[in-house]
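See structure below.
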Amino acid sequence: MTAPSRRRAVLGRRPVALMLPAGCGLAFLVLPLIGLLARAPWATMPDRLFSVEVGQALRLSLVCATAATAICLVLGIPLAWVLARAELPGRGLIRALVTVPLVLPPVVGGVALLLVLGRRGLIGRYLYEWFGVALPFTTAGVIVAEAFVAMPFLVISVEGALRAADPRFEEAAATLGATHWYTFRRVTLPSVLPGVVAGAVLCWARALGEFGATITFAGNFPGRTTTMPLAVYLALETDPDAAIVLSLVLLAVSVTVLVALRERWIRGAI
Numbered sequence: 009m010t011a012p013s014r015r016r017a018v019l020g021r022r023p024v025a026l027m028l029p030a031g032c033g034l035a036f037l038v039l040p041l042i043g044l045l046a047r048a049p050w051a052t053m054p055d056r057l058f059s060v061e062v063g064q065a066l067r068l069s070l071v072c073a074t075a076a077t078a079i080c081l082v083l084g085i086p087l088a089w090v091l092a093r094a095e096l097p098g099r100g101l102i103r104a105l106v107t108v109p110l111v112l113p114p115v116v117g118g119v120a121l122l123l124v125l126g127r128r129g130l131i132g133r134y135l136y137e138w139f140g141v142a143l144p145f146t147t148a149g150v151i152v153a154e155a156f157v158a159m160p161f162l163v164i165s166v167e168g169a170l171r172a173a174d175p176r177f178e179e180a181a182a183t184l185g186a187t188h189w190y191t192f193r194r195v196t197l198p199s200v201l202p203g204v205v206a207g208a209v210l211c212w213a214r215a216l217g218e219f220g221a222t223i224t225f226a227g228n229f230p231g232r233t234t235t236m237p238l239a240v241y242l243a244l245e246t247d248p249d250a251a252i253v254l255s256l257v258l259l260a261v262s263v264t265v266l267v268a269l270r271e272r273w274i275r276g277a278i
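Using our numbering, the letters of the sequence shown map in sequence onto residues 9 to 278.
Printed below as a string of structure tokens:
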């Protein structure tokens with residue numbers, strides 16, 4: 009047997025000791041989704057999807073998630089560039105702080121936002137006293153909460169793309185007299201555009217599914233702060249079929265995001 013054949017034979021083995029727990033793990037992840045599809049009220053699905061409550065929650069979710077993603081793009085891309093290219097003391101600490109929202113319980117994030125941006129918060133008190141701006145329990149508060157929990161996804165994706173990009177093109181632009189801003193706009197940003205797009209999609213999907221920070225910082229007011237995840241939580245107590253329909257909408261969005269980014273995951277695995 010040749011070496012390639014032996015290698016394929018070794019890699020192609022399926023030991024029961026590994027396949028059995030692997031199958032259990034797959035079932036553990038997939039069966040709840042199958043249960044959601046099996047219990048869906050398909051006969052009344054169109055009527056429920058076009059109801060006023062679902063329409064309000066869906067519209068608000070789309071608007072807030074898109075606005076939060078826009079904020080993350082404006083703030084997150086420069087932050088990713090600083091983490092990837094700038095020589096700063098304590099850069100590792102900055103990177104750790106940026107990724108904290110990834111592991112921080114969303115409810116804790118909402119409490120932190122209240123303590124900073126609430127009417128009596130560190131910054132919120134001045135926003136309210138000087139400009140009459142109160143972010144908690146408003147649509148703007150939903151956007152802020154979603155941006156807080158979603159921005160790390162964008163920053164990590166763009167930082168990875170920047171680290172993988174060849175800096176020689178930027179060096180060549182600098183030697184030709186291009187300014188830093190011109191080089192960033194015309195050389196750096198186009199070279200990492202796939203990473204920016206992937207990060208923006210992940211950021212948008214995370215913002216769309218945000219629950220904990222939103223309900224803590226923005227509350228739950230229909231038509232103003234009730235997004236899709238909050239509507240699912242409310243409907244589960246009064247109308248389980250409506251909760252299933254809303255959950256299916258969010259599931260469809262999640263699957264669409266994964267399909268759209270499948271080539272990126274495949275390239276990363278290879």
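Idealized CB from N, CA, C, for every residue including glycine.
It should be emphasised that the depicted structure is a prediction, and the values quoted were computed from it without experimental measurement.
Alpha-carbon to alpha-carbon, residue j and residue i
i, j, result
"residue 131", "residue 125", "5 Å"
"residue 268", "residue 95", "34 Å"
"residue 115", "residue 156", "12 Å"
"residue 162", "residue 127", "29 Å"
"residue 52", "residue 197", "47 Å"
"residue 101", "residue 185", "34 Å"
"residue 119", "residue 75", "22 Å"
"residue 39", "residue 25", "22 Å"
"residue 107", "residue 86", "15 Å"
"residue 246", "residue 201", "45 Å"
"residue 61", "residue 43", "24 Å"
Contacting residues, own chain, Cβ-Cβ under 7 Å from residue i (five flanking each side not counted)
i, result
"residue 6", "Residue 6 cannot be examined here, being either before or after the span of the chain that is shown, 9 to 278."
"residue 261", "213 and 216"
"residue 195", "177, 178 and 181"
"residue 273", "Its pLDDT being 49, under 50, residue 273 is placed unreliably by the model, and the measurement read from it follows with that caveat. Correct list: empty, nothing qualifies."
Residue span of the alpha helix (DSSP H) that contains residue i, given as start and end
i, result
"residue 131", "Per DSSP, residue 131 belongs to no alpha helix (DSSP H) and is neither H nor E."
"residue 178", "176-183"
"residue 8", "Because residue 8 is not part of the residues shown, which for the chain are 9 to 278, the question remains open."
"residue 48", "Element bounds for residue 48: n/a, residue is neither H nor E."
"residue 76", "60-93"
"residue 248", "248-268"
"residue 57", "53-57"
Cut-off 6 Å between Cβ atoms - residues of its own chain near residue i, not counting five sequence neighbours on either side
i, result
"residue 64", "231"
"residue 199", "173"
"residue 159", "80 and 84"
"residue 135", "141"
"residue 49", "249"
"residue 171", "92"
Same chain, Cβ closer than 8 Å to residue i, neighbours up to 5 away in sequence not counted
i, result
"residue 244", "251"
"residue 72", "147, 150, 151, 154, 215 and 235"
"residue 221", "114, 115, 117, 118, 121, 153, 154, 156 and 157"
Query raised in the report: Below 8 Å, can you find three or more Cβ-Cβ pairs linking the segment 176-186 to the segment 207-224?
Result: no
**Report entry** the segment 86-102 / the segment 161-175 touching (three or more Cβ pairs under 8 Å)
**Finding:** yes
Query raised in the report: Within the chosen definition, does the segment 47-62 reach the segment 244-258 through at least 3 CB pairs nearer than 8 Å?
Result: yes
Report task. Taking only runs that begin and end inside the segment 155-238, name each unbroken alpha helix (DSSP H) of 4 or more residues, in chain order. Result -> 176-183, 188-191, 201-216 and 220-225
Query raised in the report: Hey, which unbroken runs of the alpha helix (DSSP H) at 4 residues or more fall wholly within the segment 99-125?
Result: 99-111 and 114-125
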